[in-house]
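**Q** In this note's numbering, the protein residues as written are -9 to 72. Think of the CB as a built atom: it goes at the ideal place given N, C-alpha and C, for glycine as much as any other residue.
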């Protein structure tokens, strides 16, 4: 995969990468605080479901949403992000 941080910087944007769960909160705060466009490269364990998700080649209205078990596990401030 390309280095999305360098790619962002090449286009005059802010690039932020989080490759460990411990970095996620600070990276999200940095992204939200930045006054300008940001490319946020967040690595996720390959077996983890990232929802909501738009399958490759599909339209935004074909978004996959979490099932009830997952939806009910997401509460509080986490629910605001999805």
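(1) Specify the secondary structure class of residue 43 as computed by DSSP and reduced to three states.
(2) Please say whether residue 8 and residue -9 have beta carbons closer to each other than 8 Å?
(3) Helix, strand or coil: how does DSSP classify residue 16 here?
(4) Which residues bound the alpha helix (DSSP H) around residue -5?
(5) Out of 36, 47, 46, 52, state which residue places its alpha-carbon closest to the alpha-carbon of residue 10.
(6) How many Å lie between residue 0 and residue 28 at the Cα?
**A** Looking at the coordinates:
(1) In the chain shown, the residue the question calls residue 43 occupies position 53. Here residue 43 sits in strand by DSSP.
(2) Here residue -9 corresponds to residue number 1 of the chain shown, with the count starting at 1. Here residue 8 corresponds to residue number 18 of the chain shown, with the count starting at 1. Going by C-beta atoms, residue -9 is not nearer than 8 Å to residue 8.
(3) As a working note, residue 16 is residue 26 in the chain shown. Helix.
(4) By 1-based counting over the chain shown, the position of residue -5 is 5. Its alpha helix (DSSP H) spans residues -6 to 0.
(5) As a first step, residue 10 must be located in the chain shown, where it is residue number 20. The shortest C-alpha separation from residue 10 is found at 36.
(6) Indexing the chain shown from 1 puts residue 0 at position 10. Indexing the chain shown from 1 puts residue 28 at position 38. Straight-line Cα distance between these residues: approximately 12 Å.
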